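First up is the structure itself, then whatever we jot down about it.
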Amino acid sequence: MEHYALFFDIDGTLVSFKTHEIPPSTILALTQAKANGHKVFIATGRPPLIITNLGAIEHLIDGYVTINGALSYVGDEVISCKDIPHDAARLVVDDAQEKQYGVIVVGEKDVAVFDPIGEVDQVFRQEIAVENLNLAKPIEEVMQQRILQLTPFFSADYERELMARIPCCTSGRWHPAFTDITAKGADKGEGVLTMAKHFGFDPQNTMTFGDGGNDASMIRTAGIGVAMGNALDSLKQEATFTTTSVDEDGILHALRHYQLI
39 MEHYALFFDI DGTLVSFKTH EIPPSTILAL TQAKANGHKV FIATGRPPLI
89 ITNLGAIEHL IDGYVTINGA LSYVGDEVIS CKDIPHDAAR LVVDDAQEKQ
139 YGVIVVGEKD VAVFDPIGEV DQVFRQEIAV ENLNLAKPIE EVMQQRILQL
189 TPFFSADYER ELMARIPCCT SGRWHPAFTD ITAKGADKGE GVLTMAKHFG
239 FDPQNTMTFG DGGNDASMIR TAGIGVAMGN ALDSLKQEAT FTTTSVDEDG
289 ILHALRHYQL I
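The sequence shown runs 39 to 299 under the numbering used here.
This is the structure we're talking about:
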């Protein structure tokens, strides 16, 4: 059996939006994959501070591609770190404060939250069950650090308008309410390639699993790109294979389909 580097998005892929937990079938599938010699990696838009829902599989994880590829690490070793030019980060933060929309600012060490009308809390805490945002630091304190990601809460129409003003950045939307902005060249696809190279995997021996718009780059990049049954239609069109949903044993089904378990 050839060994694969397996990369998993968190929200809507590993973790159900309905239960906020990892399905037992997924835990079983990853346990079997590890036993068969495959490597297991996380590829998420979340910064490390709010990766709090992987306890059931933490012992199986070989490395992390986080913040949509802006920060990749294995244990305490940083494999890759790409920051947004300060002028671009400042522009988005100032725009959010002027127009009064929410934004999460992810620094190299800390996270800040600007939430004037409560939309960040509504989506992140109540819908996605994100923890640890109460540990956020003041926004100007975080702005003194290298900024790795900005998560503004605005429409797709305004996203297009703002992104035209910061051509040094890229945007990946995985929720209707917000998008994730990173430096150009910092996306999940690049993170997958960087981590695969670090572990000596040929890109053809990578398999990625995702459901949202910010997963498109890694679905395209991987040797095998798997879209969850609950994925966006646009992602399914780019995928090598579409499995069942996260709540219908999608990861187990896909790994069995490719005979990796």
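The beta carbon of each residue, even a glycine, is placed where N, CA and C say it ideally should be. Because the structure is a prediction, the values reported are computed rather than measured.
List the DSSP bridge partners of Tyr102.
-> Residue mapping note: residue 102 aligns to position 64 of the sequence shown, counting from 1. Paired residue(s): Ile80 and Tyr111.
Is it true that the region 120 to 131 meets the region 157 to 168, where meeting means three or more beta-carbon pairs spaced less than 8 Å apart?
-> A contact is defined here as three or more CB-CB pairs under 8 Å, and the region 120 to 131 fails this definition with respect to the region 157 to 168.
Starting from His213, follow the beta strand (DSSP E) in both directions and report where the run begins and ends.
-> Taking the sequence shown and counting its residues from 1, one reaches residue 213 at position 175. For His213, the enclosing beta strand (DSSP E) has its first and last residue at Cys207 to His213.
Close-in-space but distant-in-sequence residues of the same chain around Ser283 (CB under 8 Å, 5 per side omitted) = In the sequence shown, the residue the question calls residue 283 occupies position 245. For Ser283, where only same-chain residues beyond five positions count, the Cβ hits under 8 Å are Met266, Gly267 and Asn268.
Run through DSSP, which three-state label would Pro62 get?
-> Here residue 62 is taken as the residue at index 24 of the sequence shown, counted from 1. It is helical.
Cutoff 6 Å; reference Val112; Cβ partners in own chain excluding five residues on either side = Taking the first residue of the sequence shown as 1, we reach residue 112 at position 74. Hits under 6 Å: Gly101.
Spatial neighbours of Gln70 in its chain, beta-carbon cut-off 8 Å, leaving aside the 5 residues before and after = By one-based count along the sequence shown, residue 70 stands at place 32. The answer, listed in chain order, is Leu293 and Ile299.
Which listed residue (Phe279, Asn252 and Leu68) has its alpha carbon closest to that of Gly50 = Translated into positions along the sequence shown, residue 50 becomes position 12. Ranking Phe279, Asn252 and Leu68 by Cα distance to Gly50 puts Asn252 first.
So Ala43 is in the beta strand (DSSP E); what residue range does that whole segment cover?
-> What you label residue 43 is simply residue 5 of the sequence shown in a count that begins at 1. Element bounds for Ala43: Ala43 to Phe46.
Compare the Cα-Cα distances from Ala73 to each of Gly83, His41 and Met256 and report the closest residue.
-> In the sequence shown, counting from the first residue as 1, residue 73 sits at position 35. If we check each option's Cα against that of Ala73, His41 comes out closest.
Euclidean distance between Cα positions of Met233 and Val103 | The residue you call residue 233 lines up with position 195 of the sequence shown. The residue you call residue 103 lines up with position 65 of the sequence shown. Each residue's Cα considered, the two are about 8 Å apart.
Reduced DSSP secondary structure (H/G/I, E/B, other) of Ser272 = On the sequence shown, residue 272 is found 234 positions in, with the first residue counted as 1. DSSP places Ser272 in helix when its eight states are reduced to three.
Residue(s) in a DSSP beta bridge with Ser118 | In the sequence shown, the residue the question calls residue 118 occupies position 80. Answer by DSSP bridge pairing, in chain order: Ser110.
Quick one: grab the DSSP three-state call for Ala174.
-> Sequence index remark: in the sequence shown, residue 174 carries index 136 (1-based). Coil, per DSSP.
Of all the options Gln297, Ile105, Met181 and Pro190, which has the alpha carbon lying nearest to the alpha carbon of Ala134?
-> Numbered from its first residue, the sequence shown carries residue 134 at position 96. Of the candidates Gln297, Ile105, Met181 and Pro190, the one whose C-alpha sits nearest the C-alpha of Ala134 is Pro190.
CA nearest to the CA of Gly223, picked from Ile99, Pro205, Val149 and Phe216 | Residue 223 sits at position 185 when you count from the first residue of the sequence shown. That would be Pro205, whose Cα lies nearest to the Cα of Gly223.
Please classify Arg84: is it buried, with 16 or more other beta-carbons within 10 angstroms of its beta-carbon, or exposed?
-> If you number the sequence shown from 1, residue 84 lands on position 46. When all chains shown are included, Arg84 counts as buried.
Are Ile88 and Leu171 close, meaning C-beta to C-beta below 9 Å?
-> Your numbering for residue 88 matches position 50 in the sequence shown. Your numbering for residue 171 matches position 133 in the sequence shown. Closer than 9 Å, so yes.
May I ask you to report which of helix, strand or coil DSSP gives Gly288?
-> Indexing the sequence shown from 1 puts residue 288 at position 250. Gly288: helix per DSSP, three-state reduction.
May I ask you to report which of helix, strand or coil DSSP gives Asp153?
-> By one-based count along the sequence shown, residue 153 stands at place 115. Asp153 falls in the coil class under three-state DSSP.
List the endpoints of the continuous alpha helix (DSSP H) containing Val230.
-> Taking the first residue of the sequence shown as 1, we reach residue 230 at position 192. Taken as a continuous stretch (DSSP letters only), the alpha helix (DSSP H) holding Val230 covers Lys226 to Phe237.
By DSSP, does Met245 sit in helix, in strand, or in coil?
-> For this step, residue 245 is matched to residue 207 along the sequence shown. DSSP places Met245 in strand when its eight states are reduced to three.
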